[in-house]
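Peer 1: Shown below is the structure under consideration.
Residue numbers (UniProt numbering), protein chains in the order written: chain A, 1 to 317; chain B, 1 to 317; chain C, 1 to 317; chain D, 1 to 317; chain E, 1 to 317; chain F, 1 to 317.
Below, the structure written as structure tokens:
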């Protein structure tokens, strides 16, 4: 079945979906309704459930799987699902939440193995030990969490997938620019966003924790490295270097890094992070756009819209 | 004897001074000379030592006390000392380095006692214990270090004096605005710049340490609070609140705070820090300016110069 | 009775309220309705009056006191009042507008007396005379006007209350930093926003006057000082100093001050003004927030939301 | 004789010049010298007077006319005058200061007459009376002062010449855009910089007065209009409009206007002021540049340098 | 008949209008409706057509002329047309699209003649030939296109009218500032926005072409000049100068000019372009505002609103 | 022999060097001297030649090879060469300019071959033909020019080397992100800076041409693509796409791109360009710095200095 985000206005809908978000509203005529955001693996879509009272509110909580029927229509330039029928799925329907969650294109096992390989290649024992220690400490959430709550890699295992993609790029770059220190760059990549496992609340439907809000994943992780070094009884410059890699990876003070990169590897970490995040965002909107047309505007890409050239499809044929 | 910075062009000089800084130069005619910065408690002044070879270079290292004779002249709007005689002080001269260092107007003992009193007033045991623990851990450098290497409170015990002034202001403000939490604000003030004892190298002639450069005093202190909490086996929200106070006290991302203040007390800490630093800077330049004239431009005050009104002196009489 | 802004969704409402604002609308189904903003001393709340034609429009004009019944519900994260009954109050209801207006926590008499005391303490006769002259000239509106139309001190006597709070802070600061000239700072505080009595139209439901829009309260007040000096036949530097205090009190050109502060007292006036305004804003949103939760975003505080720590309430018990 | 700024490196110099500025210096070898800035009507040029002691300092004060001999050489991309001989001019030399001052291309009489004509054309009696009153009050300095101390129109009668050029442009524009109110625009132009007669100290070698520094010519002039209206017993909207024209003529808060233009005529005043100032600056540097070359960088024109095309000279022939 | 934009709330409407834009919507009650933007020569107005299904959607496409009846009401501070009747105009109605399109105040013939005259006055044969060649090549769209899709000169022949107004201003300015090269300035004005004939899709209801989006009118026109020079076998500096005039006419990089003006004429072109665009915008909103009131905010004028003084109407009488 | 930039203060110098730049100066004592910048393949160093008159000026013009003796000393934190002897090299010295010019680490032949291979891999015939056509047209300067006059790749064949490095990165990235169109990205890389062959004057000691200054390499190249398409009689969307790649490759308007990237490949081109330029800059300064020390500040890297960790050298051993 075609993913919900690939349907066009007029297409009928008759399938199971997961409720991602639910908000109550009142029409200008004073009647209550629900705004529901449904999702499947392809993304999400909005719908309105009119004349929905307290009972509906209880039945259609986030994380509920529902069976819906209706069709797609266009509302202010975005697709919406016009509901004709909706009911919560029951045990007999034989569907489970995992079926509706976007997930990384690689399995947790594949990614774990690949990460292990990168750590194995490190020659500096201090960097290797700290990285291994922290990866082990946060193994489970690190492999399951998204890399963000929106914009990019906001899916199950998004964080690990982002890290693996970045490591592959790093592997190429340390060959192209041999003055880069491989160990520092690899460790920086593996740890740079690991603080998100404490900044965010969960692997699915993540929100910000109090700690996440008050400290942020950067400071959380700088602390974690200090603690790891203490537990491993390490006291050498590499600890500072790793902390600096994390601290500076947003590149500029105004983007949340209290220190700008002062190591070549820190600068490169910032570039690699940026490229992988931006490519994922551009690829997603362009893949949903027809040749000769423009994508919707993407806020996180300076609100630009992108053009999908005719040659993309001509060259394939 | 009048402080070196209060002399006017034409005034003769014949006194002991401390060498603060020495730089070698070569005249455009190819001859070596030294640029010396002398200091006494009133501040510093520049001088040139012409035809100065390797021997002079060895004799006039920073931290050396010298006997100088000469006069003051004006060079590009700033006073310089024109050297006629110079020699290193010897044991018989009976002068010591402390005589030449600007120091806080309060003694270390007075300030220690006052700090103790503020901590004693705290009611929240967690905040009190962490503050006391850290103050004890870094007692000595905390009482001796400057608050910065330049701009403001850059003198012996400048950090402690800055903190005491801020606490006094805080005491007034928690009375004026009773919704402010006194403990959080007092602790935030005491700890906000304590990381400088690791960011800077020494109480006198301080430079930035590697740790100071790569992490900065904010991240250093956030780590210290985490470590203190661990040692004291404290795990409560107050730890996060204190870390946030430190993290946000520069007020904005572009000023080095990865998170903006999200607590009323954090916002107030930022204001109090700012006022005390700026007052010290303005007071210093205005006190050296004559009525009806303008101060030199102060880079850290948006490069403004300030006017000293006639009424300052009229009203006194 | 609990103030309207302290009610929670589900709470019933049955009380008198003042209409602060009324706007006509048309539902998407083409029917007219009114959006009413009611207020009592605790603040304001929005409500919709459906199917409201010309008669309702006439009856529910701003400044009308009404008796309403209904309940509170949450709409897009903000409380609204769902109207079940509404009627204009009549003479028998025995309610008056003043009952619904937020007003300063100090009476006009208390504040007048306190202001007089500060002026009495001034030693410089020129500054004292000009300040007294202008305070007398605008006595009545100065004691009744708000300090702004929104954001902070936007209540009856808000301007005078803001000034009194600032004077108390100034009293502390001139003791802490004795190089500050007390007379200049006190006079600057008293006069800094006095131009608002001409910039705004009234003490209640204030809008901007033509003069307010075209000149602004800063230029208005600079002119007033010039005129006062002329009438008092004063021609001395103090007049320029006072004008500069007013001119520069927004701190920077981009915030509306054509000259940045060039006097120590002008810089301090800017800080004190800022602190008092910001504290009032933060205090208000935090006092309406539960422990462990975040306030709504405050536009005038860089759109931040603030966290209300658990310890606020724990420490009280 | 060719103006001093039109000479090229290698050209001999033997003429009278006026000392515009004198600064003492000390060579790196410890010898005193003077840096002299000479001027004639074409502009100014720097020179060094080596081995210059107290006597030279007394003889070569600013505003002294001297006879100099030497040649032009290029120092870091700018022409300098290499002095071979210098002596103060005496009565017999029969030269006077006016011979060396750049002055407007129109005489004071011509400009006065033209100004009178523009005021005569005004139809609104209020605007006409205020403009005439103020022009009369400051007639003498207004006709003699420069428009600025540097950058543009910084010559004798520069202010009046700037105003006359702007009025001519305004005359064209009110015909092209008839919705512009001629009286308001003319009066705004005549008064916009009149405050400079109090902001600056003198027609020649002007510096900023205390009033100029603390208030600025904009606020000075807004006050003057208020005072004029009072004296003429005028109390109508036109007074506010004129004050707003002055207040907003720098266009934006960050350029010193506490209010942005809110009248069509105020916006136009800002444009006309800008064009006339910028044209004068560009014209001056381009006129001193050879075809196919670039001018020096002009700080007040965003530090740009301008290209002088070959066709300028080809088309002439 | 009064233009649609000059009607006031309550005024009845019964006339022909052109549909400029149509958008489908769904009410919060789930019913489809159309948002229609009608226009006549005075501007445009919004209306809602309730309960509008597929048939209405087909009938009321953009560019359709309709007969409407209803009245004007005010919705959130803007006038709307409340529809009571609507039908497409038929052949018998005897109305044509041109009747509803705003058009330049000068005829195409008048403007063509005036343009020819300016080109005739040029003395530099290279500049003259290139300008004439390009004007001839794009004669038809150049005389018909708007100067923009919104903000200013967005009407039929708006581009040509903008150019003619600018040329008249230039004619005055080359006389006032004779160092300006007339040929370069005239040619720059004529060509500066000619690229819009390729950037935009049509003279009416213009949208951006792919070429317009990817390259922009500036780069398009720089290419056109290169091509023209090639075809005319011209290879001289004037070609570069003309290209630079186009390239830099937005004034700054952040406004879309990859090079800032480096020619005096390029700087002036930027000023003239700006003045003519801004005057048109201000004039339009002020002409629709009553004396003593403020215009709506104009986004393209830094979101300012303008004041219409009482004297505008007093002086007329 | 060790490169000139790798010597330390105190090291003797006795070798051939190339004069890169020569400037005349006058000491504060009035004596002429020359400031010479010498270069060898490792970089450049400054020296002063005292008492240098017209004869020296003639002998030591830029591009002259000289034999020098002297030693290295430190002047204001930078190394200088203190000259003891200098003479122009003669034919017998058997040295040639090429020996002193930094050049790309790959030969022109290697790079040509590699470029050919990338073009060979293109599948889209339009893109392939245009790229091949332009590469052929500018083959010689393209293979010899630097990529810039300073900051990065400012050496012989720097442009080609920069392009080859970027292509290698692109090859990796199109595999990692298969939605990228390889042809568009490769062609964009090859052409993006090709306009520099017209913007700069020569392969060695390059300055900006008039065309370079007035149009810039971006506009030059957009024109070249248009011309190539015309000559090859190609009229398809790919031409616009290529022009857009060039136009947008600086990423933002304020960095000189009149259009921001609107193609995924254009965004990636910007990233690749940036990474290769920055790596070259960082690598150079870090390679000249000792472990545990900081590099000089690099203006083009936001004036940062970088830290060279101890582990770089520890890990090697």
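For each residue, glycine too, the CB sits at the ideal point set by N, CA and C. Everything numeric in this text was worked out from a predicted model, so none of it was measured.
#1: Using a Cβ cut-off of 8 Å, which residues of the segment 200-227 of chain C contact any Cβ in chain E, in chain order?
#2: Can you confirm whether residue 75 (chain D), when its beta carbon is compared against all beta carbons of chain F, has any partner nearer than 8 Å?
#3: Thinking C-alpha only, which one of D:254, D:253, D:189, D:144 is nearest residue 201 (chain D)?
#4: List the whole-angstrom C-beta distance separating residue 165 (chain D) from residue 276 (chain D), where the pair is believed to meet the contact cut-off of C-beta under 8 Å.
#5: Applying a beta-carbon distance threshold of less than 8 Å, which residues of chain D neighbour residue 244 (chain C)?
#6: Using a Cβ-Cβ distance cut-off of 8 Å, determine whether residue 258 (chain D) contacts chain E.
#7: Using CA atoms only, rank isn't needed, just tell me which of F:281, F:72, F:128 is closest to residue 84 (chain F).
#8: Look up residue 357 (chain B) in the DSSP assignment and say whether it is helix, strand or coil.
#9: Counting Cβ pairs closer than 8 Å, one from the segment 285-303 of chain A and one from the segment 128-147 of chain A, do we hit at least three?
#10: Whole angstroms is fine: what's the gap from residue 190 (chain E)'s alpha carbon to residue 167 (chain E)'s?
#11: Between residue 253 (chain E) and residue 92 (chain D), what straight-line distance do the alpha-carbon atoms span, to the nearest angstrom?
#12: Between the alpha carbons of residue 63 (chain E) and residue 99 (chain E), how many angstroms are there, rounded?
#13: Hey, quick one: how far does the alpha helix (DSSP H) through residue 35 (chain A) stretch, first residue to last?
#14: Of all the CB atoms in chain A, is at least one closer than 8 Å to the CB of residue 317 (chain B)?
#15: In terms of residue numbering, what span does the alpha helix (DSSP H) encompassing residue 270 (chain A) cover?
#16: Starting from residue 307 (chain F), find everything on chain B with Cβ-Cβ shorter than 9 Å and list it in chain order.
#17: Using the Cα positions of residue 299 (chain F) and residue 150 (chain F), report the straight-line distance between them to the nearest angstrom.
#18: Considering residue 254 (chain A), what are the terminal residues of the beta strand (DSSP E) in which it resides?
#19: I'd like to check one pair, residue 263 (chain A) with residue 241 (chain A): are the Cβ atoms closer than 8 Å?
#20: With a 10 Å radius around its C-beta and 16 neighbouring C-beta atoms as the bar for buried, classify residue 87 (chain E) as buried or exposed.
#21: Step through the CB atoms of chain D and report whether any lies within less than 8 Å of the CB of residue 68 (chain F).
#22: Return the bridge partner residues of residue 87 (chain B) from the DSSP annotation.
#23: Does DSSP classify residue 223 (chain D) as helix, strand or coil?
#24: My guess is that residue 218 (chain B) and residue 258 (chain A) are in contact by the Cβ rule of under 8 Å, so how many angstroms apart are they, rounded?
#25: Distance check for residue 157 (chain F) and residue 193 (chain E), CA to CA, integer angstroms please.
#26: With DSSP run on the structure shown, which of helix, strand or coil describes residue 298 (chain B)?
#27: Locate the alpha helix (DSSP H) running through residue 125 (chain A), then write down its first and last residues.
#28: So, helix, strand or coil for residue 103 (chain E), using DSSP?
#29: Hey, how far is the Cα of residue 94 (chain D) from the Cα of residue 59 (chain D)?
Peer 2: If we stick to the structure as given:
#1: Answer set for the segment 200-227 of chain C: 210, 213, 214.
#2: Numbered from 1 along the fourth chain, position 75 holds the residue referred to as residue 75 (chain D). Cβ-Cβ to chain F under 8 Å: yes for residue 75 (chain D).
#3: Mapped onto the fourth chain, residue 201 (chain D) falls at position 201. Ranking the options by Cα distance to residue 201 (chain D), first place goes to D:144.
#4: Residue 165 (chain D) sits at position 165 when you count from the first residue of the fourth chain. Residue 276 (chain D) sits at position 276 when you count from the first residue of the fourth chain. 5 Å between Cβ atoms; contact.
#5: Counting from one through the third chain, the residue named residue 244 (chain C) turns up at place 244. Residues of chain D whose Cβ lies closer than 8 Å to the Cβ of residue 244 (chain C) are, in chain order, 214, 215.
#6: Counting from one through the fourth chain, the residue named residue 258 (chain D) turns up at place 258. Proximity of residue 258 (chain D) to chain E, defined by a Cβ-Cβ separation below 8 Å, is not satisfied.
#7: For the purposes of this step, residue 84 (chain F) is taken as the residue at position 84 of the sixth chain. Answer by Cα proximity: F:72.
#8: The structure shown has nothing for residue 357 (chain B), since chain B only spans 1 to 317.
#9: Counting Cβ pairs under 8 Å, fewer than three are found: no touch.
#10: What you label residue 190 (chain E) is simply residue 190 of the fifth chain in a count that begins at 1. What you label residue 167 (chain E) is simply residue 167 of the fifth chain in a count that begins at 1. Taking the CA atoms as reference points, residue 190 (chain E) sits about 8 Å from residue 167 (chain E).
#11: Counting from 1 along the fifth chain, the entry for residue 253 (chain E) is found at position 253. Counting from 1 along the fourth chain, the entry for residue 92 (chain D) is found at position 92. A direct Cα-Cα distance of roughly 58 Å separates residue 253 (chain E) from residue 92 (chain D).
#12: Here the question's residue 63 (chain E) lines up with position 63 in the fifth chain. Here the question's residue 99 (chain E) lines up with position 99 in the fifth chain. Taking the straight line from one Cα to the other gives about 12 Å.
#13: For this step, residue 35 (chain A) is matched to residue 35 along the first chain. Per DSSP, residue 35 (chain A) is not a residue of any alpha helix (DSSP H); the beta strand (DSSP E) it occupies stretches across 32-40.
#14: Within the second chain, residue 317 (chain B) is the residue found at index 317, counting from 1. Any reading at residue 317 (chain B) needs caution, since the residue's pLDDT is 49, under 50, leaving its predicted position unreliable; the model's value is listed next. For residue 317 (chain B), the answer is no, since every Cβ of chain A falls outside 8 Å of its Cβ.
#15: Within the first chain, the letter at position 270 stands for residue 270 (chain A). First-last of the alpha helix (DSSP H) with residue 270 (chain A): 264-287.
#16: Taking the sixth chain and counting its residues from 1, the one referred to as residue 307 (chain F) is at position 307. Under the 9 Å cutoff, chain B gives 210, 213, 214.
#17: On the sixth chain, residue 299 (chain F) is found 299 positions in, with the first residue counted as 1. On the sixth chain, residue 150 (chain F) is found 150 positions in, with the first residue counted as 1. Approximately 11 Å, taken between the alpha carbons.
#18: Taking the first residue of the first chain as position 1, residue 254 (chain A) is located at position 254. Residue 254 (chain A) -> no beta strand (DSSP E), and no H or E assigned at all.
#19: Against the first chain, residue 241 (chain A) aligns to sequence position 241. Against the first chain, residue 263 (chain A) aligns to sequence position 263. For residue 241 (chain A) and residue 263 (chain A), yes; Cβs fall inside 8 Å.
#20: In the fifth chain, the residue the question calls residue 87 (chain E) occupies position 87. With fewer than 16 other Cβ atoms within 10 Å, it is exposed.
#21: The count along the sixth chain starts at 1 and reaches residue 68 (chain F) at position 68. No, because no Cβ of chain D sits closer than 8 Å to the Cβ of residue 68 (chain F).
#22: In the second chain, counting from the first residue as 1, residue 87 (chain B) sits at position 87. B:67, per the DSSP bridge assignment.
#23: Against the fourth chain, residue 223 (chain D) aligns to sequence position 223. Here residue 223 (chain D) sits in helix by DSSP.
#24: Against the second chain, residue 218 (chain B) aligns to sequence position 218. Against the first chain, residue 258 (chain A) aligns to sequence position 258. Rounded, the Cβ-Cβ distance is 6 Å, consistent with contact.
#25: In the fifth chain, residue 193 (chain E) corresponds to position 193, counting from 1. In the sixth chain, residue 157 (chain F) corresponds to position 157, counting from 1. If you take the alpha carbons of residue 193 (chain E) and residue 157 (chain F), they lie about 39 Å apart.
#26: Here residue 298 (chain B) corresponds to residue number 298 of the second chain, with the count starting at 1. Strand.
#27: Against the first chain, residue 125 (chain A) aligns to sequence position 125. 125-137 is the span of the alpha helix (DSSP H), which, as asked, contains residue 125 (chain A).
#28: As a working mapping, residue 103 (chain E) is identified with position 103 in the fifth chain. Three-state DSSP puts residue 103 (chain E) in a strand.
#29: Your numbering for residue 94 (chain D) matches position 94 in the fourth chain. Your numbering for residue 59 (chain D) matches position 59 in the fourth chain. Distance between the alpha carbons of residue 94 (chain D) and residue 59 (chain D) is about 18 Å.
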